[in-house]
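Take a look at the structure set out below.
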Amino acid sequence: MIACLSLGLMACGNTPTPTNVVAVQSVDITLEGNVVVLGGTLKANARVNGVAGGQQPAQTVLWSSSDDNIASVNSNGLITAHAVGTVTITATSTVPGYTSKSAQATVTVSAVAPTVFRFSFRPATSNDITPPGYTPENGLAYSAARGYGWVTEATARTPTPTPLDISVNARNRRGNPGVAVGLEERQYALIHLQCASICRDPKVSASAAWEYKVPNGNYTVTVGVGDADTSTFTSGPSEHVINVEGKALINKFVPSKENLFREATTTVEVSDGLLTIDAVGGTNTKINYVIISVVK
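Take a look at the structure:
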(Lines of atoms letter the chains of each structure in order from A and count residues from 1; the text may use other names and numbers.)
(Lines give C-alpha, C1' and ligand atoms only; values in the text may rest on other atoms or scores of the structure.)
Protein backbone atom coordinates (compact mmCIF):
# COMPACT_ATOMS: atom_id res chain seq x y z
CA MET A 1 0.00 0.00 0.00
CA ILE A 2 1.33 3.45 -0.88
CA ALA A 3 0.16 6.74 0.59
CA CYS A 4 1.05 10.36 -0.27
CA LEU A 5 2.15 12.93 2.31
CA SER A 6 2.32 16.61 1.35
CA LEU A 7 3.96 18.96 3.82
CA GLY A 8 4.77 21.75 1.40
CA LEU A 9 3.08 23.77 -1.31
CA MET A 10 3.67 21.20 -4.02
CA ALA A 11 0.99 18.60 -4.67
CA CYS A 12 1.44 14.94 -5.58
CA GLY A 13 0.77 13.95 -9.17
CA ASN A 14 2.03 14.79 -12.64
CA THR A 15 1.85 18.56 -12.32
CA PRO A 16 4.21 20.71 -14.43
CA THR A 17 7.60 21.33 -12.89
CA PRO A 18 7.69 24.82 -11.32
CA THR A 19 10.66 26.97 -12.25
CA ASN A 20 11.72 27.28 -8.59
CA VAL A 21 11.79 23.56 -7.74
CA VAL A 22 14.89 22.65 -5.71
CA ALA A 23 16.82 19.47 -6.48
CA VAL A 24 16.39 16.60 -4.03
CA GLN A 25 19.66 15.31 -2.53
CA SER A 26 18.41 12.75 -0.02
CA VAL A 27 15.57 11.64 2.23
CA ASP A 28 15.84 10.88 5.95
CA ILE A 29 13.44 8.83 8.09
CA THR A 30 13.15 9.08 11.86
CA LEU A 31 11.06 6.68 13.95
CA GLU A 32 9.66 6.90 17.45
CA GLY A 33 11.14 3.41 17.90
CA ASN A 34 12.00 0.27 15.95
CA VAL A 35 9.61 -2.16 17.66
CA VAL A 36 5.82 -1.89 17.87
CA VAL A 37 3.53 -4.20 19.80
CA LEU A 38 0.87 -6.12 17.86
CA GLY A 39 -2.17 -3.86 17.41
CA GLY A 40 -0.21 -0.73 18.26
CA THR A 41 1.00 2.22 16.22
CA LEU A 42 4.34 3.90 15.61
CA LYS A 43 5.02 7.31 14.06
CA ALA A 44 7.51 7.76 11.22
CA ASN A 45 8.67 11.16 9.98
CA ALA A 46 10.45 12.01 6.75
CA ARG A 47 12.60 14.92 5.70
CA VAL A 48 13.44 15.72 2.07
CA ASN A 49 16.87 17.36 1.84
CA GLY A 50 18.31 19.77 -0.70
CA VAL A 51 21.83 21.14 -0.93
CA ALA A 52 23.24 21.86 2.52
CA GLY A 53 22.73 25.50 3.42
CA GLY A 54 20.46 26.14 0.45
CA GLN A 55 16.73 26.26 -0.17
CA GLN A 56 15.01 23.02 0.82
CA PRO A 57 12.72 21.02 -1.50
CA ALA A 58 9.00 20.56 -1.01
CA GLN A 59 8.37 18.04 1.77
CA THR A 60 6.36 15.57 -0.29
CA VAL A 61 6.88 11.83 0.06
CA LEU A 62 5.15 8.55 -0.71
CA TRP A 63 5.06 6.15 2.23
CA SER A 64 5.04 2.40 1.62
CA SER A 65 5.41 -0.86 3.54
CA SER A 66 7.07 -4.01 2.26
CA ASP A 67 4.16 -6.04 3.69
CA ASP A 68 0.86 -4.38 4.60
CA ASN A 69 -0.30 -7.61 6.21
CA ILE A 70 2.34 -7.18 8.91
CA ALA A 71 2.35 -3.39 9.22
CA SER A 72 0.80 -0.68 7.06
CA VAL A 73 1.68 3.01 6.88
CA ASN A 74 -0.72 5.86 6.07
CA SER A 75 -0.20 9.22 4.38
CA ASN A 76 0.92 10.82 7.64
CA GLY A 77 3.60 8.21 8.32
CA LEU A 78 1.57 6.44 11.01
CA ILE A 79 2.51 2.74 11.10
CA THR A 80 -0.10 0.25 12.31
CA ALA A 81 0.91 -3.26 13.41
CA HIS A 82 -1.29 -6.13 12.16
CA ALA A 83 0.78 -9.32 12.55
CA VAL A 84 4.05 -10.46 14.10
CA GLY A 85 7.01 -10.01 11.75
CA THR A 86 9.39 -7.45 10.26
CA VAL A 87 8.76 -4.91 7.50
CA THR A 88 10.69 -2.25 5.65
CA ILE A 89 9.09 1.20 5.65
CA THR A 90 10.08 3.40 2.71
CA ALA A 91 9.69 7.14 2.15
CA THR A 92 10.20 8.28 -1.45
CA SER A 93 10.40 11.93 -2.48
CA THR A 94 7.87 13.13 -5.07
CA VAL A 95 9.21 16.50 -6.21
CA PRO A 96 8.07 16.74 -9.87
CA GLY A 97 10.77 16.84 -12.49
CA TYR A 98 13.54 15.35 -10.37
CA THR A 99 14.80 11.83 -9.79
CA SER A 100 13.21 10.40 -6.66
CA LYS A 101 15.28 9.73 -3.57
CA SER A 102 14.28 7.19 -0.93
CA ALA A 103 15.08 6.19 2.63
CA GLN A 104 14.20 2.99 4.45
CA ALA A 105 13.77 1.90 8.04
CA THR A 106 13.07 -1.51 9.54
CA VAL A 107 10.16 -2.00 11.94
CA THR A 108 9.50 -5.18 13.91
CA VAL A 109 6.04 -6.14 15.15
CA SER A 110 6.23 -8.06 18.42
CA ALA A 111 3.50 -10.02 20.20
CA VAL A 112 4.63 -8.44 23.46
CA ALA A 113 6.79 -5.44 24.23
CA PRO A 114 10.46 -6.57 24.38
CA THR A 115 12.19 -5.95 27.69
CA VAL A 116 15.75 -7.19 26.99
CA PHE A 117 18.04 -6.05 24.16
CA ARG A 118 21.40 -7.71 23.42
CA PHE A 119 24.12 -6.41 21.09
CA SER A 120 27.37 -8.09 20.06
CA PHE A 121 30.02 -5.70 18.74
CA ARG A 122 31.73 -7.32 15.75
CA PRO A 123 32.74 -6.81 12.10
CA ALA A 124 30.23 -7.20 9.28
CA THR A 125 31.90 -10.11 7.48
CA SER A 126 30.28 -13.03 5.70
CA ASN A 127 31.97 -15.64 7.91
CA ASP A 128 31.22 -13.89 11.20
CA ILE A 129 29.00 -15.79 13.65
CA THR A 130 26.73 -13.66 15.80
CA PRO A 131 25.89 -15.26 19.17
CA PRO A 132 22.27 -16.50 19.38
CA GLY A 133 19.92 -13.88 20.80
CA TYR A 134 22.25 -10.99 19.97
CA THR A 135 21.94 -8.26 17.35
CA PRO A 136 25.24 -7.72 15.48
CA GLU A 137 26.54 -4.17 16.01
CA ASN A 138 29.08 -3.43 13.28
CA GLY A 139 30.27 0.07 14.14
CA LEU A 140 28.02 2.07 11.83
CA ALA A 141 27.28 5.72 12.53
CA TYR A 142 24.19 6.43 14.62
CA SER A 143 21.01 6.44 12.57
CA ALA A 144 17.65 7.52 13.95
CA ALA A 145 15.96 5.11 11.55
CA ARG A 146 18.01 2.18 12.87
CA GLY A 147 17.79 3.43 16.44
CA TYR A 148 21.41 2.85 17.49
CA GLY A 149 24.99 3.45 16.43
CA TRP A 150 28.11 5.49 17.03
CA VAL A 151 28.76 9.20 17.57
CA THR A 152 31.84 11.22 18.42
CA GLU A 153 32.73 11.02 22.09
CA ALA A 154 32.88 14.82 22.27
CA THR A 155 29.25 15.24 21.17
CA ALA A 156 27.69 12.28 22.99
CA ARG A 157 24.92 13.19 25.45
CA THR A 158 24.46 16.59 23.79
CA PRO A 159 21.34 17.80 21.93
CA THR A 160 23.11 17.32 18.57
CA PRO A 161 25.49 14.32 18.66
CA THR A 162 27.64 13.89 15.54
CA PRO A 163 27.31 10.42 13.91
CA LEU A 164 30.62 8.60 13.40
CA ASP A 165 31.22 5.41 11.40
CA ILE A 166 33.85 3.29 13.19
CA SER A 167 33.14 0.02 11.39
CA VAL A 168 36.86 -0.26 10.48
CA ASN A 169 37.57 -0.50 14.22
CA ALA A 170 35.65 -3.79 14.56
CA ARG A 171 37.61 -7.02 15.07
CA ASN A 172 37.02 -10.76 15.30
CA ARG A 173 40.03 -12.46 16.89
CA ARG A 174 39.19 -16.04 15.91
CA GLY A 175 42.14 -17.61 14.09
CA ASN A 176 44.69 -15.02 15.23
CA PRO A 177 47.98 -16.20 16.79
CA GLY A 178 47.90 -15.88 20.55
CA VAL A 179 44.12 -15.97 20.84
CA ALA A 180 42.68 -17.64 23.92
CA VAL A 181 40.56 -20.76 23.35
CA GLY A 182 37.35 -21.99 24.92
CA LEU A 183 35.75 -18.55 25.16
CA GLU A 184 32.16 -17.52 24.62
CA GLU A 185 31.48 -16.44 21.03
CA ARG A 186 30.63 -12.91 22.17
CA GLN A 187 34.14 -12.56 23.66
CA TYR A 188 36.01 -13.18 20.41
CA ALA A 189 34.70 -9.99 18.76
CA LEU A 190 35.05 -6.35 19.73
CA ILE A 191 35.01 -2.73 18.64
CA HIS A 192 37.71 -0.21 19.58
CA LEU A 193 36.24 2.95 21.12
CA GLN A 194 39.62 4.71 21.37
CA CYS A 195 41.98 3.76 18.55
CA ALA A 196 44.03 6.98 18.62
CA SER A 197 47.51 5.96 17.37
CA ILE A 198 47.27 2.38 18.68
CA CYS A 199 45.16 0.58 16.05
CA ARG A 200 46.51 -0.50 12.71
CA ASP A 201 45.26 1.21 9.56
CA PRO A 202 42.62 1.46 8.32
CA LYS A 203 41.14 2.94 11.46
CA VAL A 204 39.12 5.80 12.90
CA SER A 205 41.36 7.52 15.43
CA ALA A 206 38.72 9.73 17.03
CA SER A 207 37.20 8.46 20.28
CA ALA A 208 33.61 7.26 19.89
CA ALA A 209 30.53 6.65 22.02
CA TRP A 210 27.57 4.35 21.42
CA GLU A 211 23.97 5.50 21.64
CA TYR A 212 20.74 3.51 21.68
CA LYS A 213 17.31 5.07 21.24
CA VAL A 214 15.00 4.05 24.10
CA PRO A 215 11.93 5.47 25.85
CA ASN A 216 12.83 7.50 28.92
CA GLY A 217 12.96 5.37 32.04
CA ASN A 218 15.21 3.09 34.07
CA TYR A 219 17.40 0.38 32.55
CA THR A 220 19.75 -2.29 33.82
CA VAL A 221 22.85 -2.35 31.62
CA THR A 222 25.53 -5.07 31.46
CA VAL A 223 28.71 -4.40 29.47
CA GLY A 224 31.60 -6.72 28.65
CA VAL A 225 35.07 -5.47 27.66
CA GLY A 226 38.36 -7.12 26.77
CA ASP A 227 40.35 -8.76 23.98
CA ALA A 228 40.84 -12.47 23.28
CA ASP A 229 44.18 -11.74 21.57
CA THR A 230 46.88 -11.81 24.26
CA SER A 231 49.47 -10.36 21.88
CA THR A 232 47.79 -6.96 22.19
CA PHE A 233 49.00 -6.60 25.78
CA THR A 234 52.30 -5.23 24.48
CA SER A 235 51.34 -3.87 21.05
CA GLY A 236 48.37 -1.90 22.33
CA PRO A 237 47.92 -1.95 26.12
CA SER A 238 44.50 -1.05 27.47
CA GLU A 239 42.94 0.61 30.48
CA HIS A 240 39.32 -0.24 29.82
CA VAL A 241 36.77 2.33 30.99
CA ILE A 242 33.01 2.16 30.50
CA ASN A 243 30.56 4.87 31.53
CA VAL A 244 26.80 4.43 31.06
CA GLU A 245 24.78 7.65 31.03
CA GLY A 246 27.81 9.33 32.58
CA LYS A 247 27.90 6.80 35.43
CA ALA A 248 31.18 4.90 35.90
CA LEU A 249 30.74 1.16 35.38
CA ILE A 250 34.21 -0.23 34.57
CA ASN A 251 37.13 1.85 35.86
CA LYS A 252 40.54 1.35 34.22
CA PHE A 253 40.48 -2.42 34.00
CA VAL A 254 43.94 -3.65 32.91
CA PRO A 255 43.71 -7.20 31.50
CA SER A 256 46.22 -9.99 32.00
CA LYS A 257 46.63 -13.46 30.49
CA GLU A 258 44.81 -14.83 33.52
CA ASN A 259 42.06 -12.20 33.41
CA LEU A 260 41.25 -11.16 29.85
CA PHE A 261 37.77 -9.75 30.34
CA ARG A 262 35.66 -7.70 32.69
CA GLU A 263 31.87 -7.62 32.90
CA ALA A 264 29.86 -5.25 35.07
CA THR A 265 26.22 -4.27 35.55
CA THR A 266 24.54 -1.05 36.63
CA THR A 267 21.11 0.59 36.61
CA VAL A 268 20.69 4.02 35.04
CA GLU A 269 17.94 6.48 34.25
CA VAL A 270 17.54 7.73 30.67
CA SER A 271 15.91 11.16 30.37
CA ASP A 272 16.85 12.27 26.83
CA GLY A 273 15.68 9.25 24.82
CA LEU A 274 19.21 7.97 24.20
CA LEU A 275 21.15 5.49 26.33
CA THR A 276 24.82 6.42 25.97
CA ILE A 277 27.93 4.31 26.56
CA ASP A 278 31.37 5.96 26.40
CA ALA A 279 34.95 5.30 27.48
CA VAL A 280 35.94 8.74 28.75
CA GLY A 281 39.01 8.38 30.96
CA GLY A 282 40.18 5.12 29.42
CA THR A 283 42.87 4.04 26.97
CA ASN A 284 42.22 1.69 24.05
CA THR A 285 38.90 0.49 25.47
CA LYS A 286 37.39 -2.46 23.56
CA ILE A 287 33.74 -3.38 23.99
CA ASN A 288 32.50 -6.94 23.38
CA TYR A 289 28.77 -6.84 24.15
CA VAL A 290 25.97 -5.00 25.93
CA ILE A 291 22.73 -6.28 27.45
CA ILE A 292 20.01 -3.73 28.20
CA SER A 293 16.96 -4.62 30.29
CA VAL A 294 13.91 -2.49 31.00
CA VAL A 295 13.36 -1.95 34.73
CA LYS A 296 9.66 -2.41 35.40
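Quick note: the sequence shown uses the UniProt record's numbering, first residue 1, plus one each step.
Glycine is no exception: its CB is placed at the ideal position from the N, C-alpha and C atoms.
- For Arg186, no beta strand (DSSP E) run applies; the uninterrupted alpha helix (DSSP H) run containing it begins and ends at 185–188, by DSSP.
- For Gly139 and Lys203, the gap between their C-alpha atoms comes out near 12 angstroms.
- Tyr98 and Ala23 have their C-alpha atoms some 7 angstroms from each other.
- For His240, the enclosing beta strand (DSSP E) starts and ends at 240–244.
- Rounded to whole angstroms, the Cβ separation of Thr266 and Leu249 is 5 angstroms, and the two are in contact under 8 angstroms.
- In the DSSP assignment, Val107 falls within the beta strand (DSSP E) that extends over 102–110.
- Membership of Lys213 in the beta strand (DSSP E) is indicated by the continuous run 208–213.
- Residue pairing by DSSP places Val168 in no beta bridge whatsoever.
- Shown here, Glu258 sits in coil according to DSSP, grouped into three states, outside any helix or strand.
- Distance from Leu274 to Glu211 at the Cβ level is roughly 5 angstroms; contact confirmed, criterion being Cβ atoms closer than 8 angstroms.
- Less than 9 angstroms separates the beta-carbon of Val35 from that of Val109.
- Between the segment 250–260 and the segment 207–222, the count of C-beta pairs closer than 8 angstroms stays below three; the two stretches do not touch.
- For Thr276, the pairing in a beta bridge is given by DSSP as Glu211.
- Beta-bridge partners of Lys43 (DSSP): Leu78.
- In its chain, beyond the 5 residues on either side, Val270, Ser271, Gly273 have a beta carbon closer than 7 angstroms to the beta carbon of Asn216.
- In the DSSP assignment, the residues bridged to Gly226 are Phe261.
- In this structure, the alpha-carbon of Trp63 lies about 35 angstroms from that of Ala154.
- Exposed is the label assigned to Glu184, since fewer than 16 other Cβ atoms lie within 10 Å of its Cβ.
- Only residues of its own chain outside the window of five on either side were considered, and among them Thr41, Ala71, Ser72 have a CB closer than 7 angstroms to the CB of Thr80, listed in chain order.
- When the five nearest sequence neighbours on each side are left out, the beta carbons in the same chain lying within less than 7 angstroms of the beta carbon of Leu78 are those of Thr41, Lys43, in order along the chain.
- Gln59 counts as buried, since at least 16 other C-beta atoms from the protein chains shown sit within 10 angstroms of its C-beta.
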